[in-house]
Every structure is written in C-alpha cells, then in structure tokens.
Amino acid sequence: MHSDIDVSADDGVALVSVRVDNDAPVDRRVRLRNRLDGPVLPPRRAGVPEPGWDNEGFEGVVPAGSTVALGYAVPLSPPGDRDAEAVDADGLPEHAVDVETLGRADESDEAADSTPEGAIRSLGSARPPADAVPVSADPPPTVSAPETPESAPDTAGDERPDPLPRPDPDAAGGERSTPSEQPTDADVSAAVETREPRDHETQRPSEPASLAAVERRIDLAERLDGASVADAAAALSEAERGVEALESLDADRERLRRLAARATALADRAADADPDVDALRRLA
Numbered sequence: 001m002h003s004d005i006d007v008s009a010d011d012g013v014a015l016v017s018v019r020v021d022n023d024a025p026v027d028r029r030v031r032l033r034n035r036l037d038g039p040v041l042p043p044r045r046a047g048v049p050e051p052g053w054d055n056e057g058f059e060g061v062v063p064a065g066s067t068v069a070l071g072y073a074v075p076l077s078p079p080g081d082r083d084a085e086a087v088d089a090d091g092l093p094e095h096a097v098d099v100e101t102l103g104r105a106d107e108s109d110e111a112a113d114s115t116p117e118g119a120i121r122s123l124g125s126a127r128p129p130a131d132a133v134p135v136s137a138d139p140p141p142t143v144s145a146p147e148t149p150e151s152a153p154d155t156a157g158d159e160r161p162d163p164l165p166r167p168d169p170d171a172a173g174g175e176r177s178t179p180s181e182q183p184t185d186a187d188v189s190a191a192v193e194t195r196e197p198r199d200h201e202t203q204r205p206s207e208p209a210s211l212a213a214v215e216r217r218i219d220l221a222e223r224l225d226g227a228s229v230a231d232a233a234a235a236l237s238e239a240e241r242g243v244e245a246l247e248s249l250d251a252d253r254e255r256l257r258r259l260a261a262r263a264t265a266l267a268d269r270a271a272d273a274d275p276d277v278d279a280l281r282r283l284a
C-alpha cells in the first residue's frame, strides 16, 4: 500500500489531498493523522463530517485493489505564531500527513453507520425543495385588463369622455349606423382590451413564473452562503441551474425593489379610489 500526498496553501488555508492505493488482495484499514499546525476541517454532508473523520484526521477502509482519495483543509496560523516543530504547508507534502496501515479490515468495519451523524447524512436537509412548496402569494394567472396598467383610467377616459349615445332610428331615417360612424360599448371595450395588453403583456402574464424563478435563485444563494465544499456541491447538483444563476442576483434585487414600490403605489391608489359602483351599474 502506498500513498500520494499533495498540499497547497492559499490565503492562510492549506488544502491537503491524499490518494491511498491498496494493491493487496484484501481490504486494508488506514489511519491519516494531520501534522499541520491547525485544526482539521473535514468534508461534510448535511452539516456533519463524513464517516471516518475526527479532529486529528481520518480512519477507514481501503478496498482491495482500489484507490481512495481523501481531502481536507487546515487554517494555518500566522508565521509568527507557529511553533518551531510546526510543519509548513509549502514544505515537503509528505511531512503534512502521516499515513499508517492498521492491518487487514474485519467484518465489523463494514457494518452500517447507526450513529445520529450517520442518520443526518443519509436523510440530508429537512427543508423541502422550493418547487414542492405552493406559493399562495402569487396572483391568479388571469387578470382583467382594467386592473393592470397605471394608465388604464386615463386611457379609458381618452377613448370615451362622455357616455356614448345610442343611434336614433328616427333621426337617421331608419338606417342603422355602421361601426365606423357610431361605435357601440362592445366595440370600445374590445378596442381597450386589445390595446392595453400590448403595453403590459410582457410583464403581467409572466409575473408569477418570474417571481418563482427569482425565489429559486435566492434560495440557492442562501444555501451556498457560508456552506462547506460538500454542502455547496450538493446544493448545486440539486439546482436546476449552476453557479451562473447567481450572476443575476443584483438585477433581481433591484427588480424586486421596483416591483415592491410599484405594488405599494398601486395599493395606495386602490385605497383612495372609491367610486359609487351601484350608481355606475344603474347607468350601464
């Protein structure tokens, strides 16, 4: 059994990788002891260390004829605070880790991990996926045209400032007026409905789906914020998009603020508007 060790240091943190090759026909148990001046930061899953890791290093089984790759991080102390016997990460890599063969692995080494940490690792995060949670705050998919744009009252007022009179058969000599001469209420409503969505159809229908996508990106950013390497890899593997989805967080933040300001302004206008609906219904 032999091993290959590689150590790299960047910004006060040493990254140690070890490849243990078991060329024997039987499973072997090995022990890795960290010799760097700093605590061992092992890989984690669901917030707990992977099986076999402790404060000093790793102990586990390398299958027969197989190679096991291991890695961990060590925060290094400032050069002035290190002991005389501390090993520098920039020195010889083989001095950073002690790899010891403990002998042939027995059947107890293959037993299932029944510890609480093992249960947490197998179950993973208790938070349900974002797509499985119903979003009750989303508006219904169909929205009436008069409620959508801010300019709807002004536009409707420009089209019909006064109630449209119905054609007088006696004055017209019994002839019906054509739509071009005398538009009806249905014609005006159709004209308003066909024009108003042109200014806002790219925003309203896509609003629920857009907010859901923004929520998924923010959820991914929260999971990756301060996560370990293993947690970050798990989160990215579960996400629909990779790290490139986080590049639009700044734009999402500004868009949500503009949307909140517009929603507040519309809510204030809706609170101030109090038309006499019963009287208008009688006029109609």
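Residue 234 in our numbering sits at position 234 of the sequence shown; the count goes up by one each step and never skips. The beta carbon of each residue, even a glycine, is placed where N, CA and C say it ideally should be.
Less than 7 Å between the C-beta atoms of residue i and residue j, yes or no?
i	j	result
VAL30	VAL62	yes
VAL20	VAL68	yes
ILE5	GLU94	yes
ALA235	LEU224	yes
VAL99	LEU32	yes
ALA105	ASP27	yes
MET1	ASN34	no
How many Å lie between residue i and residue j at the Cα?
i	j	result
VAL18	ARG255	46 Å
GLY38	LEU76	6 Å
SER248	ALA213	11 Å
SER3	ALA130	43 Å
VAL277	ALA270	14 Å
LEU15	ALA261	47 Å
GLU50	ASP268	54 Å
ALA273	ARG281	17 Å
PRO25	GLY65	6 Å
ALA232	ALA46	10 Å
PRO134	THR101	53 Å
LEU211	TRP53	41 Å
ASN55	ARG217	35 Å
VAL48	ASP250	32 Å
SER237	ASP219	14 Å
GLY306	GLU215	In the structure as shown, the chain starts at 1 and stops at 284, and residue 306 therefore has no counterpart that could be examined.
PRO128	THR264	31 Å
ALA9	ALA230	19 Å
LEU266	VAL7	59 Å
Contact defined as beta carbons within less than 8 Å: I believe residue i pairs with residue j. What is the distance between those atoms, to the nearest angstrom?
i	j	result
PRO43	GLY71	7 Å
LEU246	ALA221	6 Å
In this structure, what does DSSP give as the bridge partners for residue i?
i	result
PRO75	VAL13
PRO25	DSSP, once it has assigned bridges, lists no residue as partnering PRO25.
ARG45	VAL48
GLY103	ARG29
ARG19	ASP4, ALA69
VAL61	ARG29
Counting C-beta neighbours from all protein chains within 10 Å, is the total for residue i 16 or more, i.e. buried, or is it exposed?
i	result
ARG253	exposed
GLY57	buried
LEU36	buried
ALA279	exposed
ARG258	exposed
PRO275	exposed
ALA239	buried
Determine, using beta carbons only, whether residue i comes closer than 7 Å to chain D.
i	result
ALA230	Absence of chain D from the displayed structure is noted, only one protein chain being present.
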